[in-house]
Amino acid sequence: MTTSPMTPQPNPRPIRLARRLALAGTVALAGAAISVGARSPAPRPDPWWQAGEGRAFPEQIDYPNKEGSLRTLLAGAPLKTRGHPFFEPLGSNGRACVTCHQPADSMSLSAASAQRQWERTGGKDPLFAAIDGSNCPTLPQDRRESHSLLLDKGLFRIERPWPVKQFNGEPAMPDFTIEVVRDPTGCNSGQYGPAAGRISVYRRPRPVANMKYLLATGFPFDPKQGHALPLDPDDGKMQSGNLMSDNRAGNLRIQMEDAAAGHLQMAGKLTPAQISQIRDFELRIYSAQQADRFGQDVSALGAEGGPKKLRDSQPGALGSIGKPVWSEYAAWEKIAPEEASRLTPAQLAFRQSVARGARVFREKTFLIFDSAGITTQVGFGNPVRNSCVFCHNMSQMGNDVAPGQVDLGTTTLPFADPRSDLPLFRITCLKAPHPYYGRVIYTYDPGFALTSGKCADVGKITLQSLRGLSARAPYFSNGLARDLRGIVDYYERRYSIGYTEQEKQDLVNLMSVL
Amino acid sequence: MKTIAFALAALAPAQAMAQQTGELVSFIACPVYRDTDSGRKSGCWLADDVTSGSRYDVSQSPYKPDWSFEVLVEGRISAEAPTACGGTVLGPVRTSRLTTPCTRHILPAEEFKGRKYVLPRRNNDPLGAPRPVATGPFTDRTFTTYFEFGRDFIIYQYDDWLLDQAANWIRQARPKKLVVTGFAATDPVEISGRTLAEPAALAEDRAEVIARSLRRLVPGIPVETAWQTGAKPVAEPEADGLPAQSQRRAEIRALF
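Take a look at the structure:
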């Protein structure tokens with residue numbers, strides 16, 4: 008079964024009302040179709056998945072984006088979403104998991120989708136729930152500016168306890184203090200903030216797709232933290248440490264419970280059956296770009312782009328000792344003349360650029376320095392010469408085979424770009440100073456340090472998948488890169504890589520087809 | 322610049338000849354990074370012994386320097402020519418990062434190519450790869466892991482490999498319990514005019530770090546810890562013949 012999207016229609020907030028209106032909308036659309044005759048295209052499903060709408064999830068679904076189109080595969084059979092806990096509102100705010108993990112956005116949420124929902128519903132969609140879909144619950148919720156971080160940067164408010172709790176839920180005595188330097192959202196003062204035991208940071212939702220790769224463990228050790236991988240409290244297996252940006256949840260059950268209580272404002276607990284249903288769905292979803300900006304299939308001419316390859320491959324392989332990362336596009340390095348003749352010059356040039364981009368990603372080395380998790384205690388030294396694939400090293404996915412908590416500087420001064428829209432915290436290390444930032448650190452988001460309680464972990468954010476990027480701008484955990492070029496430009500600023508303009512464009516083109 | 326580089330390189334063998342291959346050297350220095358580019362991880366690490374005026378190539382340490390901090394260099398003079406990086410080659414060698422800040426210094430590659438990266442011997446296979454089959458009868462056995470000076474961190478492509486070897490054997494041998502003893506080199510030594518000694522608490526920290534990983538690697542087998550200060554050198558092959566490295570260790574005793 009395959010479906011395609013249509014022009015968005017408004018979705019009012021209350022669920023029951025939404026269903027009635029959806030029915031009314033269907034009737035109206037049908038009427039419109041009759042009035043304009045048979046030449047009108049058949050109505051196509053809305054790209055926005057409303058909580059509780061009951062649409063069936065097909066085995067394959069394509070959604071257009073400005074770089075081409077994204078394909079999402081559901082391994083196995085189509086899913087009836089009516090009554091399914093991923094798709095039904097479980098809490099008081101009318102949201103479901105799907106509200107913030109939209110299939111059209113590669114199971115994440117783009118800022119563009121948030122903006123569209125705001126326009127369609129006048130800000131009444133459950134997406135904009137005060138709890139975390141606004142800059143702070145204390146703000147007037149009917150104003151756009153109260154939701155500016157979600158609308159402009161795709162950021163949700165994430166509330167973390169202070170003092171911190173570790174990945175296993177155990178409290179930890181942090182080796183640093185935290186103070187609020189600036190609080191533009193108002194959610195780190197008064198009833199919020201460290202003094203109230205509730206730290207607000209703002210982060211992009213991570214894609215709930217291609218999950219077997221994020222759960223895969225390639226080796227028994229975490230070289231960044233210097234210990235064997237922790238064991239899952241539910242099944243005793245080693246944990247990947249790659250689920251959450253701050254590694255606060257080591258398995259899907261803990262992540263679900265965290266999300267249900269927080270994002271969905273669910274009063275009770277998820278039942279084992281609900282957890283099982285959500286896990287089953289999440290392990291069946293694969294999402295990746297399927298067509299490029301010319302509408303050409305990215306799995307054509309010998310290439311292996313798209314989600315099918317993801318679905319059918321074994322997860323957890325290290326690209327440097329197996330299938331090189333992004334070698335899916337190696338066939339485009341040498342396109343046969345007879346095949347090239349069937350492409351326009353622009354199409355041919357684009358494919359060659361993608362193939363070059365894959366090589367630049369793997370082979371263009373630069374000095375990586377002052378990046379905790381990479382250049383600290385692991386043993387590589389500071390600096391170390393390597394390429395993008397040093398950290399984005401898992402075949403097919405480009406996430407880290409090891410737990411991916413590294414500090415690229417995206418959230419922490421002086422490397423982070425200046426941001427007036429985010430809270431700024433001052434961290435003071437109580438024991439050893441941070442090796443690069445010193446004793447006092449200024450950060451927009453302490454990241455992994457809010458889980459580990461260690462000042463050495465300030466600014467570390469878990470690497471994520473590079474798949475489906477075209478469907479889910481902006482990028483990095485705090486949305487600092489508004490587009491794919493912004494990602495490349497950040498790395499160029501951060502590490503003085505010396506990319507040529509051609510190399511930058513090649514990387515952008517590569518990322519656009521992932 | 323090239324002339325100077327060649328002159329330094331030409332001098333290096335003379336220094337090496339003055340020192341016997343295999344001779345032990347130890348000193349404290351601010352590291353210098355030479356940005357050679359023969360692919361990933363191909364950069365060189367150099368360290369100058371201010372006492373002798375000699376420049377050493379310390380790139381082959383399993384734990385490499387940080388250009389912002391002093392390093393304690395411990396190594397043996399290698400027979401390798403100083404052509405890769407431009408310094409008398411130390412191998413085996415260790416470079417422990419100290420806390421004293423250094424002025425960062427980076428050299429261009431000049432005429433030096435560095436070394437192409439090759440996977441070290443102590444490199445873990447992926448989890449899915451088969452591990453060696455241990456053959457019985459199984460009796461009490463001791464495994465050893467090693468640490469950087471002043472630290473308790475499990476070093477990638479060194480300790481993790483040693484621990485994986487131990488865990489693989491323990492998993493098959495199923496001893497009654499494991500006793501992890503951490504050691505710290507607390508006896509003061511004079512190096513480069515400085516007195517160095519590890520803190521006594523580090524012995525316990527090392528034992529606990531190894532024990533925590535063992536509880537994850539071989540769940541179900543009781544793990545006890547002990548610690549000992551004033552560590553003396555031991556002749557263990559994986560310390561690579563470096564006495565100071567062998568002092569900074571943790572021993573895992575599998576008891577039946």
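These protein sequences, in sequence, are chains B and R.
Heads up: the first sequence is residues 8 to 521, going by this note's numbering.
Heads up: the second sequence is residues 322 to 577, going by this note's numbering.
Every residue gets a Cβ at the ideal spot worked out from N, C-alpha and C, and that includes glycine.
This one's a predicted model, so the numbers in the text were calculated from it and none came from an experiment.
- Annotated three-state conformation of Tyr354 (chain R) is strand, per DSSP.
- Within the DSSP secondary-structure output, Asp229 (chain B) pairs in a beta bridge with B:His234.
- The beta-carbon of Arg392 (chain B) is placed less than 8 Å from the nearest beta-carbon of chain R.
- Taking 8 Å as the upper bound for CB-CB distance, Phe504 (chain R) and Arg569 (chain R) are in contact here, some 7 Å apart.
- In the DSSP assignment, Asp369 (chain R) falls within the unbroken beta strand (DSSP E) covering Cys365 to Asp370.
- Contact annotation: Tyr293 (chain B) and Gly312 (chain B) have beta-carbon atoms that are not nearer than 8 Å.
- Between the stretch 375-392 of chain B and the stretch 437-452 of chain B there are three or more C-beta pairs closer than 8 Å, enough to call the two in contact.
- Exclusion of the five residues before and after Gln284 (chain B) leaves His91, Pro92 and Phe93 as the residues of its chain whose Cβ lies within less than 8 Å of its Cβ.
- Between the stretch 183-195 of chain B and the stretch 450-465 of chain B there are three or more C-beta pairs closer than 8 Å, enough to call the two in contact.
- Under the 10 Å beta carbon count, Thr278 (chain B) is surrounded by fewer than 16 other beta carbons and is classified as exposed.
- Excluding residues up to 5 positions away in sequence, Gln384 lie with their Cβ nearer than 7 Å to the Cβ of Gly233 (chain B) in the same chain.
- A direct Cα-Cα distance of roughly 9 Å separates Pro509 (chain R) from Gly551 (chain R).
- Taken through DSSP and simplified to helix, strand or coil, Val385 (chain B) comes out as coil.
- In terms of beta-carbon proximity, Leu470 (chain B) stays away from the interface with chain R, with every pair separated by 8 Å or more.
- Val555 (chain R) sits exposed, since fewer than 16 C-beta atoms from the chains shown fall within 10 Å of its C-beta.
- Those residues of the stretch 281-299 of chain B placed with their C-beta closer than 9 Å to a C-beta in chain R do not exist.
- Judged by beta-carbon spacing, Val371 (chain R) lies beyond the 8 Å limit of Val394 (chain R), meaning their Cβ atoms are not closer than that value.
- Excluding residues up to 5 positions away in sequence, Ala487 and Ile573 lie with their Cβ nearer than 6 Å to the Cβ of Phe464 (chain R) in the same chain.
- Taking a cut-off of 8 Å on C-beta distances, the stretch 468-481 of chain B touches the stretch 214-224 of chain B, as three or more cross pairs fall below it.
- Residue contact with chain R for Gln509 (chain B): absent (no Cβ-Cβ distance below 8 Å to any residue of chain R).
- Among the CB atoms of chain B, none fall inside 8 Å of the CB of Ile398 (chain R).
- Bridge pairing for Met273 (chain B): absent [DSSP].
- In the three-state scheme derived from DSSP, where H, G and I count as helix and E and B as strand, Pro442 (chain B) is classed as coil.
- Chain R has no Cβ within less than 8 Å of the Cβ of Ala365 (chain B).
- Leaving aside the five residues that flank Pro227 (chain B) on each side, the residues in its chain whose CB is nearer than 8 Å to its CB run, in chain order, Ala235, Leu236 and Met245.
- Annotation: Glu557 (chain R) to Asn406 (chain B) spans about 38 Å, alpha carbon to alpha carbon.
- In the three-state DSSP reduction, Phe64 (chain B) falls in the strand class (E or B).
- Secondary structure in the stretch 238-326 of chain B: the beta strand (DSSP E) runs of 3 residues or longer, each lying completely within the stretch, are 292-298 in chain order.
- Using a Cβ distance threshold of 8 Å, Val413 (chain B) and Glu510 (chain B) do not count as a contacting pair.
- Beta-bridge pairing by DSSP links Gly454 (chain B) to B:Lys467.
- At a C-beta separation below 7 Å, Val385 (chain B) has these neighbours in chain R: Tyr477.
- Contact of Ala235 (chain B) with chain R is assigned, a C-beta pair being separated by under 8 Å.
- One Cα belongs to Pro458 (chain R), the other to Gln341 (chain R), and the distance between them is close to 44 Å.
- Two segments are said to touch when three or more pairs of C-beta atoms, one from each, lie closer than 8 Å; by this definition the stretch 353-369 of chain R touches the stretch 425-435 of chain R.
- Burial check for Gln478 (chain R): the Cβ neighbour count within 10 Å reaches 16 or more, so the residue is buried.
- The three-state secondary structure of Cys423 (chain R), taken from DSSP, is coil.
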